[in-house]
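Encoded as structure tokens, the structure appears first; notes follow it.
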């Protein structure tokens, strides 16, 4: 249980359809949260249409790569972006909001973040 | 003898070919530079020439005067590189063999949806003819909205759009037209420059000078009939005069040779400048896929 809890805490979600941010401190919710992450990881891998590895790129590299991929994607498709650049955590959600796409999730991995973005229009 | 071929006689190609001559004797180098133009043009000054009356002929220098004697200068276009056979095919069919190849092919500007020369209200300052057209417009300008935006990222020189905007602001103040003019600066990022420390300063200066900054604004198209810039994010921004930096792409020789990505930029190691997957080929300058390291005189 403790191990699961620690693993859950190491994964940070900003926006996730399967998570409940209000109940992050609740043990039971953490179990569900963890399942949600695994479910999302598994699901997203099947759903992802375009995947971009922008790890090691500096600003504005990752965001420009994402915009390029969103241009190529069809409406409804999910684009995955891997970024180790700190600024991506604020820039990418702000751009997605302005461009009216959907931020499915930001998953913290070891040394980088995984952004899942659905093209909405 | 080690045969080195440099393709492209812009700043990168010229510099590297000339620098290599210093090592020519020690390493027994035979250096060849392939550049079809008979001149080198100093593009970085165009941002200033847009607002003055100086003759642009001052920006031209003849290639043969810039290249050192030990460099074999070939005034032809390279058509294709065959990496397996280590050869470069020129436009007339001549074949040159190399031991090491240095790609300094730069970028080309493409006019996808319209021709700048045919559009009265759309400008740029990336070529002598476009700069001249802007000069004529700004002399006649009596107030209105001027919108400035890049079209693709990366583009040749990240700071020049900001530089241009500041010079425009000062120019209009001198002509007492600033109060009658709205200047809008559109940019793909949340801040008006790529380097955050500098972006903070630029943002403050824009605010102080009354320059409107529109963040997260990526070029999609222009509604020429209604004078509107339309962004990928769905914004419509009206203009009287639009300064839109041209769309950049890698050169045909790179695409033809299968050495580039979709846009024709060469995948390059950022530490060694070695072309990925080709140990005896190097790339330098605008032709690489490196976002920040490529601007030779700024970064």
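Protein chains in written order, with the numbering used here: chain W, 270 to 390; chain A, 1164 to 1462. In this text, a Cβ means the ideal position worked out from N, Cα and C, and glycines have one as well. Note that the structure is a prediction, hence the values are computed from the model and not measured.
* Can the beta-carbon of residue 1284/A be found closer than 8 Å to that of residue 1403/A? -> Less than 8 Å separates the beta-carbon of residue 1284/A from that of residue 1403/A.
* So which residues of chain W does residue 1316/A contact, with C-beta pairs closer than 7 Å? -> The contacting residues are 329, 333.
* To do: Look at residue 1244/A and residue 1180/A and say whether their C-beta atoms are less than 8 Å apart.
  => Going by C-beta atoms, residue 1244/A is not nearer than 8 Å to residue 1180/A.
* Can you tell which of 370/W, 318/W, 389/W, 337/W has the C-alpha that lies nearest to the C-alpha of residue 348/W? -> If we check each option's Cα against that of residue 348/W, 318/W comes out closest.
* Asked: How big is the Cα-Cα spacing for residue 1410/A and residue 1290/A?
  -> Using only the alpha carbons, I get a separation of about 13 Å.
* Asked: Taking Cβ-Cβ distances below 8 Å as the criterion, which residues of the stretch 1385 to 1401 of chain A are in contact with chain W?
  -> For the stretch 1385 to 1401 of chain A, the residues whose beta carbon sits under 8 Å from a beta carbon of chain W are, in order, 1395, 1396, 1397.
* Asked: Which chain W residues are close to residue 1353/A, counting only those with a beta carbon under 8 Å from its beta carbon?
  -> In chain order: 359, 360, 363, 364.
* **Rounded straight-line distance, which links the Cα of residue 1344/A to that of residue 1330/A** => Taking the straight line from one Cα to the other gives about 14 Å.
* To do: Could you pull out every unbroken alpha helix (DSSP H) segment of at least 4 residues lying fully inside the stretch 1393 to 1425 of chain A, listed in chain order?
  => Segments of the alpha helix (DSSP H) lying fully in the stretch 1393 to 1425 of chain A: 1415 to 1419.
* Would you say residue 352/W and residue 387/W are within 8 Å of each other, going by their C-beta atoms? -> No; because the gap between Cβ atoms is not below 8 Å, this pair is not in contact.
* chain W beta carbons: is any one of them nearer than 8 Å to that of residue 1294/A? -> Put simply, the CB of residue 1294/A is far from chain W, with every gap to its CB atoms at 8 Å or more.
* **Minimum Cβ-Cβ distance from residue 340/W to chain A less than 8 Å** => Put simply, the CB of residue 340/W is near chain A, with a gap under 8 Å to one of its CB atoms.
* Spatial distance of residue 1482/A from residue 340/W (CA atoms) -> For chain A, the structure presents residues 1164 to 1462; residue 1482/A sits outside this window and is missing.
* To do: For residue 319/W, go through chain A and note every residue whose CB falls closer than 9 Å to its CB, in chain order.
  => Within chain A, not a single residue places a beta-carbon under 9 Å from that of residue 319/W; the smallest gap is close to 12 Å.
* Asked: In angstroms, rounded to a whole number, what distance separates the CA positions of residue 227/W and residue 1237/A?
  -> In the structure as shown, chain W starts at 270 and stops at 390, and residue 227/W therefore has no counterpart that could be examined.
* Where residue 1448/A falls: helix, strand or coil (DSSP) -> DSSP places residue 1448/A within a helical segment (H, G or I) once states are collapsed to three.
* At a Cβ threshold of 8 Å, is residue 1357/A touching chain W? -> Closer than 8 Å to some Cβ of chain W, the Cβ of residue 1357/A qualifies, so yes.
* **Buried or exposed by the 16-neighbour rule on C-beta atoms within 10 Å, applied to residue 1225/A** => With fewer than 16 Cβ atoms within 10 Å of its Cβ, residue 1225/A is classed as exposed.
* Apply the 10 Å Cβ neighbour rule to residue 290/W and answer buried if 16 or more other Cβ atoms are within range, or exposed otherwise. => With a pLDDT of only 38 at residue 290/W, under the threshold of 50, the placement of this residue in the model should not be trusted, and no figure is reported.
* the stretch 1183 to 1198 of chain A / the stretch 365 to 376 of chain W touching (three or more Cβ pairs under 8 Å) -> In the pairwise beta carbon analysis, the stretch 1183 to 1198 of chain A is classified as not touching the stretch 365 to 376 of chain W: fewer than three pairs are separated by under 8 Å.
* Alpha carbon to alpha carbon, what distance is there between residue 1239/A and residue 1200/A? -> Between the alpha carbons of residue 1200/A and residue 1239/A lies a distance of about 8 Å.
* Asked: CA-CA distance, residue 1433/A and residue 322/W?
  -> Approximately 16 Å, taken between the alpha carbons.
* **Interface residues of chain A facing residue 375/W [CB-CB closer than 7 Å]** => For residue 375/W, no chain A residue has a Cβ inside 7 Å of its Cβ, as the nearest lies near 17 Å away.
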